[in-house]
Amino acid sequence: MLLAELLKELKYEVIAGNTDTEVREIILDSRKASEGCLFVCVRGAVVDGHKFAQDVAKAGAAVLVVEEEVDVDGPAVIKVPDSRYALACISAAWFGHPARELKTIGITGTKGKTTTTYMVKSILEKTGHKVGLIGTIEATWGDVSIPAANTTPESYLVQKYFRQMADAGCDAVVMEASSQGFMLHRTAGFTFDYGIFTNIEPDHIGPNEHKDFDHYLDCKKTLLRQCRVGIINRDDEHFNQIVEGATCEIETYGIGESKSAFASKDLRAENMELVSRPGYLGIKYNVKGMMDFPVEIDIPGKFSVYNSLTAIAICRHFDVEPNAIVEALKEVQVKGRVELIKVSDDFSLMIDYAHNAMALESLLGTLREYNPHRLVTVFGCGGNRARDRRFEMGEVSGRMADLTIITSDNPRNEDPQAIIDDIKTGISKTDGKYVEIINRKDAMKYAIEHGEPGDIIICAGKGHETYQEINGVKHDMDERVLIKEILEELK
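Position 464, counted from 1, in the sequence shown is what the numbering used here calls 455; the numbers after and before it change by one each time, with no gaps.
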């Protein structure tokens, strides 16, 4: 493809060569440089691609896209204000702008993104749509499933996936759009048909992430300047800040009576009721506003109402009938997100990805509403991460659970016992009861063996992960497999 075609939607300056240059490949990694490639010099958190400009030129690169002038001979050199943004636009052109062949749905927010994407996929596929998904767990379409490295992949991969989805016959794609993804322009180069803002709470603030909450919020608000229709949680306390500066048409959703200036374009959940049976936890409610029908889902808690209502607000635009929505929501289950695993007729057990204090507190608060006989947590904390997380999670579990079983998560390069000791420090601030069992399978077995009628047991922290990282090595460990083994052993 000619360089001029790749640069059509960019502002740029030709430093060397010309735009009639033929490009054979787009690369980010200098080690993959080849004859005729276009190399984008990206500034990373650790490595600056500009430092490898000469190496790439010697390898036969046809074009370098840079933010600063580089001393090279041979390749065309194109200077742009932001090479990450340029990468997104170049990638979109390279793959033939596949987003224009799909209905694109972007979901951002602190919580709820993963579950909502799977709900949307389930509902739309129930009515004959072929849907691709990109998110925290995987990128998937048809029979293809590619494990995710980032919630929102690099822009080149986003466009590559879009192209593969379109070529496979998909007519829609739903993806998680993270604040990091916006900050690093991973979703640039196209316009979302629907942009969804689920909620926002302080998170991802620190080195190499966001300097403060305002920056975090502003990055997420990018979605509402990059979509045609914005669908926003009206109940979020930051709602007015979220909609400020939005350039899209706005719709809202929430719980309770309509209470906003957007009343004619809202969707609401009313008459919520918890549903609890042996081995089953769920919730039901009535959809009101732009649609009107009852819903029941087997994922517990108020946050499940928000997630499902978000999915309904999106699928309404695809003219999905209420009965199809109801049936799809009954069947949807998201791996590692309040995932109920049947182990007994007497008590409930679930797996969830809650791996920080905020998520754990929200989850335990939700489950407490079901009035369990006991609330039992099984969790550890990751090694080589902030110790404060361990103290905080220990304190939350000690305060909110009836029994905490402290175990190992991904110890990485730390001593698992040292991590457990930090969690115990947090629990010691409470009157909470606990036991410590380093081996995670043994800890889960203890929880199941000692389960009492009416208990809710939550295995937190691993969620969808199928490994345990120890000293730089990822060992196979899927909690679903462990549970099957435990049940066999207990027969």
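Using N, Cα and C, we set each Cβ at its ideal position, and we do this for glycine too.
- In the three-state scheme derived from DSSP, where H, G and I count as helix and E and B as strand, Y76 is classed as helix.
- The residue among G133, E129, D46, D469 with its C-alpha nearest the C-alpha of N141 is E129.
- Pairing I288 with K333, the inter-Cα distance amounts to about 16 Å.
- In the structure shown, I410 adopts helical secondary structure according to DSSP, grouped into three states.
- Considered as a whole, the region 94 to 180 harbours 94 to 99, 122 to 125, 129 to 132, 135 to 138, 163 to 167 as its complete beta strand (DSSP E) runs of no fewer than 3 residues, in chain order.
- With a cutoff of 9 Å on beta-carbon distance, I316 and I187 are scored as not near each other.
- Partner residues in the beta bridge of I18, as assigned by DSSP, are F30.
- Per DSSP, the continuous alpha helix (DSSP H) segment holding R471 begins and ends at 470 to 481.
- If one requires a minimum length of 4 residues, the alpha helix (DSSP H) runs lying completely within the region 400 to 445 are 407 to 418, 431 to 440, in chain order.
- K436 counts as buried, since at least 16 other C-beta atoms from the protein chains shown sit within 10 angstroms of its C-beta.
- Note that the C-beta distance between I428 and L340 is not below 9 Å.
- In the DSSP annotation of this structure, the continuous segment of the beta strand (DSSP E) that includes P285 starts and ends at 284 to 288.
- Here the alpha carbon of F43 sits roughly 30 Å from the alpha carbon of V464.
- Judged by pairs of C-beta atoms under 8 Å, the region 206 to 215 touches the region 228 to 237, as three or more such pairs exist.
- For Y297, the uninterrupted alpha helix (DSSP H) segment begins and ends at 293 to 306.
- In this structure, C80 lies away from A52, with their beta-carbon atoms at least 9 Å apart.
- Shown here, G374 sits in coil according to DSSP, grouped into three states, outside any helix or strand.
- The region 362 to 371 and the region 282 to 300 do not touch, with fewer than three beta-carbon pairs separated by less than 8 Å.
- Assignment of N9 by DSSP, reduced to helix, strand and coil, places it in the coil class.
- The DSSP-derived three-state label of V278 is strand.
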